[in-house]
Ligand SMILES: [Zn+2]
């Protein structure tokens, strides 16, 4: 438990939340600052800042509940996909984001940009190779 932690308060039932699914070790709720309609968070009941610090049974419970909740999101909103990522940064209590994502919406564009950056990094690394640098030099010198 952690004093002043919103997710601990919700887990203990002392703060309101729209809990859409739960099991013994975790609960899923609507995010109060949604990126899309139906955006949910999956939260372990125990106060654990980082997802990789979860006990094995908690990790199992969180990801089982994430799958169940993603199925609910798919049935309710028919998104193209349910994007998942884990943080514990703004609220230092592990929470897995489940965001219904549609082609070209802000989150889809964000992840497309990240994937483009990954691909571009390899392409740019190639330009630093000695033969590529020599070829560019020769082209410029002769231009
Ligand atoms: Zn907490």
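In our numbering, the protein residues as written are -14 to 128. The beta-carbon is built from N, C-alpha and C at its ideal position, and this holds for glycine as well. Given the structure is predicted, the values throughout are model-derived calculations rather than measurements.
Practice task
Compute the beta-carbon to beta-carbon distance between residue 72 and residue 82, rounded to the nearest angstrom, for a pair I have assumed lies under 8 Å.
Solution key: 7 Å
- Message: Using a Cβ-based criterion (distance less than 7 Å to any ligand heavy atom), does residue -10 qualify as near ligand 1?
- Response: yes
When you compare each of 41, 88, 91 and 80 to residue 14 by their alpha carbons, which one comes out closest? 80
- Please state whether DSSP places residue -7 in a helix, a strand or coil. helix
Check your understanding: Can you tell me the Cα-Cα spacing of residue 114 and residue 105, whole angstroms?
Key -> 15 Å
>> Here's the rule: buried if 16 or more other CB atoms are within 10 angstroms of the residue's CB, otherwise exposed. What is residue 1?
In response: exposed
TODO: Consider the C-beta atom of residue 78 and the heavy atoms of ligand 1; say whether any pair is separated by less than 7 Å.
DONE: yes
- Query: Looking at the unbroken alpha helix (DSSP H) that takes in residue 91, where does it start and where does it end?
  - Reply: 91 to 112
So what does DSSP say about residue 86, is it helix, strand or coil? strand
Counting Cβ pairs closer than 8 Å, one from the region 23 to 38 and one from the region 48 to 63, do we hit at least three? yes
**Prompt:** Going by the CB atoms, is the gap between residue 39 and residue 8 shorter than 8 Å?
**Reply:** no
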